[in-house]
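In UniProt numbering, the protein residues as written are 1 to 70.
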């Protein structure tokens, strides 16, 4: 997942069985959030309240493109 993200191919992580039956913006938000949640440094990971806020659509996630992930 980290390599695909670094290569700008994060959409390749979406299940192929969905075909085109998903919202691109929602999928990218979810995938970016997942990448944030697995950052090596715990201080760079979002809090659970931030995760809930992002998933509810109230806040846009700002992924740091150069952050290290597992």
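Beta carbons are placed, not taken as given, at the ideal position from N, Cα and C, and that holds for glycine.
Cβ atoms of residue j and residue i: under 8 angstroms apart, would you say?
i: residue 31; j: residue 13; result: yes
i: residue 29; j: residue 10; result: no
Would residue i count as contacting chain C if we go by Cβ distances under 8 angstroms?
i: residue 38; result: The structure shown contains no chain C; it is built from a single protein chain.
With distances taken Cα to Cα, identify the nearest neighbour of residue i among the options.
i: residue 3; options: 41, 58 and 35; result: 35
i: residue 56; options: 26, 15 and 5; result: 26
Original post:
Are the stretch 37 to 51 and the stretch 12 to 19 touching by the rule of at least three beta carbon pairs closer than 8 angstroms?
Top reply: At 8 angstroms Cβ cutoff, the stretches do not touch.
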